[in-house]
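Engineer:
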Amino acid sequence: MAKARVKVPKSVKKGEVFQVKSLISHKMETGLRKHKKTKKKIPRFIINKFSVKYNGEEVFAADWHPAISANPYTSFYVKASKSGPMVLTWTDDAGKVTEKTVKIKVVS
Amino acid sequence: MSEKSIFKEIRRRDLLALAGKAVVTVASFGLLASGASADTAAVSKAIEKSIGGKSPQSGRVSLELPQIAENGNTVPIAVEVESPMTSGDYVKALHVYSEGNPQPDVATFRFTPQSGKARVSTRMRMIKSQNIIAVAEMSDGSVYMGKKAVKVTIGGCGG
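Sequence lines, in order, name chains A and B.
To convert a position in the first sequence, counted from 1, into this note's numbering, add 241.
To convert a position in the second sequence, counted from 1, into this note's numbering, add 1064.
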């Protein structure tokens, strides 16, 4: 579906609360716009779910509505426990899933 | 017709034309938005739907939004909830609502004690100047609310 970008610190200390920045390209069609020529409504097509798993456990999730801007950007925080993968998942109205995995390196 | 009155006539016509254009713009904008926008009543209904019959207390929720947003298509918003974020006391969910958009719901964010900090930032659409409301559900069942007004120069949402 779309290109996703995720930014996390190169390494974090155990117990540290670090910021995760995420960006995905998606037009996030609201379903309220009308086609300029045909005057027909353009159907809604947005990413409605965003979820983040860290070492297999969900740490952050979001439900989005059409009021979220195109190319949704989200930043949030996670507490470092141990090194492992962080999987970010975006699901759109068509049920299409985009997944991006980043490695979290925890140093003591 | 004297020179002065011709000048006046042109000015008047220009103004009329401009006014006409303005009306057309406003009208098409209304069409794009298609129908009534969410208002305070719709927002309270949406809040009730997500948190049940609880009445939110004010405080602990702070919204960071620009006072004046130039482009309503992408307005940066950050919401932070005061909470220790421990397994015994954390923010479960944070709902964001808009009073002026065609639909009151903006987003719901779910946190866990593993989040460390109940802060989230994103970008949202605003069709016009309005109040943005954030409601936080805590793990102990209490509910807190915060509110902020934003002025929008050019609206988003419709197109």
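Note that beta-carbon positions come from the ideal geometry of N, C-alpha and C, so glycine has one too.
It should be emphasised that the depicted structure is a prediction, and the values quoted were computed from it without experimental measurement.
Taking Cβ positions, are Val-247(A) and Lys-262(A) nearer each other than 9 angstroms?
Structural biologist: The answer is yes: Cβ separation under 9 angstroms.
Engineer: Could you check the C-alpha separation between Val-1145(B) and Glu-1201(B) for me, to the nearest Å?
Structural biologist: Cα-Cα distance, rounded: 10 angstroms.
Engineer: Can you give the Cα-Cα distance for Ser-1122(B) and Val-1207(B), rounded to whole angstroms?
Structural biologist: So the two alpha carbons sit approximately 9 angstroms from each other.
Engineer: Please report how far the alpha carbon of Asp-1103(B) lies from the alpha carbon of Gly-1164(B), in whole angstroms.
Structural biologist: Cα to Cα, Asp-1103(B) sits roughly 6 angstroms from Gly-1164(B).
Engineer: Straight-line CA distance for Val-1214(B) to Lys-344(A)?
Structural biologist: Their Cα atoms are separated by approximately 38 angstroms.
Engineer: Between Ala-245(A) and chain B, is any beta-carbon pair separated by less than 9 angstroms?
Structural biologist: Ala-245(A) does not count as touching chain B.
Engineer: Buried or exposed for Gly-1210(B), going by 16 or more other Cβ atoms inside 10 Å?
Structural biologist: Burial call: buried.
Engineer: Output needed in chain order: residues of the region 310-323 of chain A with a Cβ under 9 angstroms from some Cβ in chain B.
Structural biologist: Going along the region 310-323 of chain A in chain order, one finds Ser-310, Ala-311, Asn-312, Pro-313, Tyr-314, Thr-315, Ser-316, Phe-317, Tyr-318, Val-319, Lys-320, Ala-321 and Ser-322 with a Cβ nearer than 9 angstroms to chain B.
Engineer: Quick check on Pro-1166(B) - is its C-beta less than 9 angstroms from some C-beta in chain A?
Structural biologist: True, the Cβ-Cβ gap to chain A drops below 9 angstroms.
Engineer: For the region 287-312 of chain A, list every residue whose C-beta sits within 8 angstroms of some C-beta in chain B, in sequence order.
Structural biologist: Those residues of the region 287-312 of chain A that come within reach of chain B (Cβ to Cβ, closer than 8 angstroms) are Tyr-295, Glu-298, Glu-299, Val-300, Phe-301, Ala-302, Ala-303, Asp-304, Trp-305, His-306, Pro-307, Ala-308, Ile-309, Ser-310 and Ala-311.
Engineer: Consider the Cβ of Val-338(A): report whether some Cβ of chain B lies at a distance smaller than 9 angstroms.
Structural biologist: By this cut-off, Val-338(A) is not an interface position.
Engineer: I'd like to confirm the pairing. Which residues does DSSP put opposite Ala-1213(B) in its beta bridges?
Structural biologist: Asn-1195(B).
Engineer: Taking the runs of the beta strand (DSSP E) that are 3 residues or longer, which of them lie wholly in the region 1097-1163 of chain B?
Structural biologist: Counting only runs of 3 or more, we get 1125-1128, 1132-1135, 1139-1145 and 1155-1162.
Engineer: Along chain B, which residues have their Cβ under 9 angstroms away from the Cβ of Val-258(A)?
Structural biologist: The contacting residues are Met-1149, Ser-1179, Gly-1180 and Lys-1181.
Engineer: When the distance is taken between beta carbons, is Val-1216(B) closer than 9 angstroms to Ser-1185(B)?
Structural biologist: Cβ atoms of Ser-1185(B) and Val-1216(B): not closer than 9 angstroms.
Engineer: Span of the beta strand (DSSP E) holding Asn-289(A)?
Structural biologist: It spans 288-295 - the beta strand (DSSP E) in which Asn-289(A) sits, taken as one unbroken run.
Engineer: Please state the DSSP three-state secondary structure of Pro-1177(B).
Structural biologist: Pro-1177(B): helix per DSSP, three-state reduction.
Engineer: Go ahead and label Pro-307(A) buried or exposed: buried means 16 or more other beta carbons lie within 10 angstroms of its beta carbon, across all protein chains shown.
Structural biologist: So Pro-307(A) ends up on the buried side.
Engineer: Name the residue from Met-1190(B), Leu-1127(B), Ala-1182(B) and Ile-1115(B) whose alpha carbon lies nearest to the alpha carbon of Ser-1162(B).
Structural biologist: Per the Cα distances, Met-1190(B).
Engineer: Compare the Cα-Cα distances from Ala-1157(B) to each of Pro-1130(B), Ser-1203(B) and Ala-1106(B) and report the closest residue.
Structural biologist: Closest option to Ala-1157(B), Cα to Cα, is Ser-1203(B).
Engineer: Closer than 7 angstroms between beta carbons: that is the criterion. Which residues of the region 264-280 of chain A meet it against chain B?
Structural biologist: Residues passing the 7 angstroms Cβ filter: Thr-271, Leu-273, Arg-274 and Lys-275.
Engineer: Measuring CB atoms only, is the region 249-258 of chain A touching the region 289-307 of chain A, in the sense that at least three cross pairs come out at less than 8 angstroms?
Structural biologist: Flag = no, the region 249-258 of chain A and the region 289-307 of chain A do not touch.
Engineer: Excluding five sequence neighbours on each side, which residues of the same chain lie with their C-beta closer than 8 angstroms to the C-beta of Thr-1176(B)?
Structural biologist: Contacts found: Tyr-1154.
Engineer: Can you tell me whether DSSP reads Met-1190(B) as helix, strand or coil?
Structural biologist: If DSSP states are grouped into helix, strand and coil, Met-1190(B) belongs with coil.
Engineer: For Val-319(A) and Phe-301(A), which I take to be in contact (beta-carbon distance under 8 angstroms), what is that distance rounded to the nearest angstrom?
Structural biologist: Sure, about 7 angstroms apart at Cβ, within 8 angstroms.
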